[in-house]
Amino acid sequence: MEKTSAQQQYKKMTETPVDKLIISLAIPTIVSMMVTGIYNTADTWFVSRIGTSASGAVSIVMSLMAIFQAIGFMHGHGAGSSISRKLGAGEPRDAITYASTSFYLCFLVSGIVAVLGLIFMDPLLRLLGSTDTILPYARQYVFWILLSGPFLSVSCVLNNILRYEGHAVYAMAGLMTGGLLNMAGDPILMFGLHMGVSGAGLSTAISQLISFFILLFMYRKKDVVSRFRIRSVSHSPAVVFGILSVGFPSLMRQGMNSLSTILLNHQAAAYGDAAIAAMGITGKVIMLMASLAVGIGQGLQPVASYNYGAQKYSRVKKGFRFTYLSGCAVLSVLAVLCIIFAPQVIAWFRDDPEVIRIGTTALRLQAVCCFFMSYSIAAGMLFQSTGIAGRATFLSALRSGLLFIPFILILPHFWGLTGIEAAQPLADLISTLISIPITVNFLHSLPEDGLPEDKAAAAGADGQNP
389 MEKTSAQQQY
399 KKMTETPVDK
409 LIISLAIPTI
419 VSMMVTGIYN
429 TADTWFVSRI
439 GTSASGAVSI
449 VMSLMAIFQA
459 IGFMHGHGAG
469 SSISRKLGAG
479 EPRDAITYAS
489 TSFYLCFLVS
499 GIVAVLGLIF
509 MDPLLRLLGS
519 TDTILPYARQ
529 YVFWILLSGP
539 FLSVSCVLNN
549 ILRYEGHAVY
559 AMAGLMTGGL
569 LNMAGDPILM
579 FGLHMGVSGA
589 GLSTAISQLI
599 SFFILLFMYR
609 KKDVVSRFRI
619 RSVSHSPAVV
629 FGILSVGFPS
639 LMRQGMNSLS
649 TILLNHQAAA
659 YGDAAIAAMG
669 ITGKVIMLMA
679 SLAVGIGQGL
689 QPVASYNYGA
699 QKYSRVKKGF
709 RFTYLSGCAV
719 LSVLAVLCII
729 FAPQVIAWFR
739 DDPEVIRIGT
749 TALRLQAVCC
759 FFMSYSIAAG
769 MLFQSTGIAG
779 RATFLSALRS
789 GLLFIPFILI
799 LPHFWGLTGI
809 EAAQPLADLI
819 STLISIPITV
829 NFLHSLPEDG
839 LPEDKAAAAG
849 ADGQNP
């Protein structure tokens, strides 16, 4: 059964026209990401009804959720990329080993983080940037997020392996169900049962738990090759290192996002809770917009992995071009709308004049960067999908780490609040400029279709064995 399913999937992934294939894989991913983004945004919207400090609490805790996502994406992308390339190379049996190892290892790591977070809750929230006025609300919200954190992490593993196998629709079902439940649960628990901010956290926790079980159920489908068996967990350093090294760019990207959010909150705190809330709202809106480009990029990932493993390098090149051009077109339209209606967008979340003033400038500056953001997003996913972990890690670290961190620490000393608002746009611009020559060089170095695997690896020139 596994062999037949793998053969059918191989034919689909290596023979379907690239643009049609990426669209078919991207649409379910985009839908699920949009729903996830909307339900995260819904938390901000509902909590902001309570007050500016409560709204700031959601912004504080989101950086912790990013840590759990970072752990999940590291294991999910690391295993998924390896599984997809193995399937492309006609080696389906290894899929169960990689899937099982990443599943249980992720549970262990995220569980340790959750326990430590519950023990050291107040110091953690202070570290994340909580002020004295935000801390009481943050405590209520973070308790439930820590309890559900391991399920959020492992859901990322389940979701990404499904996508890398080419089953994006199955992944969508789990994420969408959880997202819709959270949007329905927020008003019921917060206002119907008078739980306030704690209700928003509980609603999020319940939705994440349900998403986990739905995604896990999808692995009972006959056309899914991967399975999760304790006896299939590998103790081989090569397998564990393969998962962690290929997935490390995702940990770097999400981890840097979390660290950047922490630093942003600390810098914004000097200008009051309104600044923290405004920057948090801006980040949510941009994240929702960027999820479209990320969704298209995630449609590229299984296509690039499969065809790289199958030595069909011309399809990898076509897929990359289609991905970044499509993402650019979509984000450009949204950027124009966001620039025009920035005050209205911010006011929809929090009708506070100071929040609107700060958020309008920040949103317009970041929207400008959406015109070129899709290239760097597609580039990072291309390298990770093909197992070129070194370059993928470097590009992932640029936007939210190597560039943003010095900007957010230095610019406010010269430009004040404007420096905080401009830090991310400048990081986006420079990271895209850096990613262009690196990606072009890699694509030009790819061999002709059908070249033996060892020569294809040499084309990557990255010290990684794809």
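Start counting the sequence shown at 389; every next residue gets the next number (my numbering). Cβ atoms here follow ideal geometry from the backbone N, Cα and C, with glycine treated the same way.
Exclusion of the five residues before and after proline 575 leaves Phe434 as the residues of its chain whose Cβ lies within less than 7 Å of its Cβ. Relative to the Cα of alanine 526, the nearest Cα in the group Phe729, Tyr694, Ile438, Ile808 belongs to Ile438. Shortest Cα-Cα distance from glycine 687 to any of Gly499, Thr440, Asn547 involves Asn547.
Three or more Cβ pairs closer than 8 Å define a contact, and the stretch 528-546 meets that threshold against the stretch 583-599. In the structure shown, serine 624 adopts coil according to DSSP, grouped into three states. Distance from the CA of leucine 791 to the CA of glycine 668, rounded to the nearest whole angstrom, comes to 19 Å. Out of Tyr694, Ser762, Gly683, Leu452, the CA that lies nearest to the CA of glutamate 553 is found in Tyr694.
Closest by C-alpha distance to isoleucine 664, out of Arg738, Val585, Ala678, Gly478, is Arg738. Of the other Cβ atoms in all chains shown, fewer than 16 fall within 10 Å of the Cβ of aspartate 510; this residue is therefore exposed. When C-alpha distances from leucine 639 are compared across Leu603, Met453, Val743, the shortest belongs to Met453. If you draw a straight line from the Cα of valine 743 to the Cα of alanine 785, it comes to about 29 Å.
Annotation: glutamate 809 to glutamine 528 spans about 29 Å, alpha carbon to alpha carbon.
Contact annotation: methionine 769 and glycine 685 have beta-carbon atoms nearer than 8 Å. Contact annotation, serine 498 with glycine 468: C-beta distance approximately 17 Å; criterion of less than 8 Å not satisfied. Your pair valine 733 and cysteine 726 checks out as a contact, with CB atoms roughly 7 Å apart and the cut at 8 Å. Per DSSP, the unbroken alpha helix (DSSP H) holding valine 682 starts and ends at 661-697. A check of alpha carbon separations from alanine 811 across Ser443, Leu652, Met644 identifies Leu652 as the nearest.
Residue environment analysis places proline 637 among the buried positions, since at least 16 neighbouring C-beta atoms fall within 10 angstroms of its C-beta. In the DSSP assignment, glutamate 836 falls outside any alpha helix (DSSP H) and carries neither an H nor an E. For the options Ser420, Ala561, Arg617, Leu568, the alpha carbon positioned closest to that of threonine 489 is the one of Arg617. Shortest Cα-Cα distance from serine 436 to any of Tyr763, Ala588, Met462, Ala780 involves Ala588. Nearest in C-alpha terms to methionine 422, of all of Val673, Lys609, Gly630, is Val673. Excluding its 5 nearest sequence neighbours in each direction, glycine 573 has C-beta neighbours in its own chain below 7 Å: Ser591, Ile594, Ser595, listed in chain order.
The shortest CA-to-CA distance from isoleucine 411 to any of Leu817, Leu680, Phe771 is the one to Leu680. Spatial neighbours of valine 612 in its own chain (CB-CB distance under 8 Å, excluding positions within 5 residues in sequence) are listed in chain order as Ser393, Leu550, Glu553, His555, Tyr558, Met606. Take the alpha-carbon of isoleucine 448 and the one of glutamate 836: they are about 49 Å apart. Taken in chain order, the stretch 744-830 contains no complete beta strand (DSSP E) segment of 3 residues or longer. Going by beta carbons, aspartate 661 and isoleucine 522 fall inside the 8 Å limit. Scanning its chain for C-beta atoms nearer than 6 Å, with the 5 sequence neighbours on each side dropped, one finds around histidine 654 the residues Gly517, in chain order. Arginine 514 sits in a helix when the DSSP states are folded into three classes. For serine 788, the CB contacts under 6 Å within the same chain, skipping 5 residues up- and downstream, are Met644, Asn645, Ser648 in chain order. DSSP places threonine 432 within a helical segment (H, G or I) once states are collapsed to three. Assignment of isoleucine 618 by DSSP, reduced to helix, strand and coil, places it in the helix class. In this structure, DSSP gives leucine 409 a helical state, which the three-state scheme calls helix. Cβ-Cβ distances below 8 Å link phenylalanine 461 to Cys544, Asn548, Gly635, Ser638, Leu639, Arg641, Gln642 in the same chain, with the five nearest sequence neighbours on each side left out; the list follows chain order.
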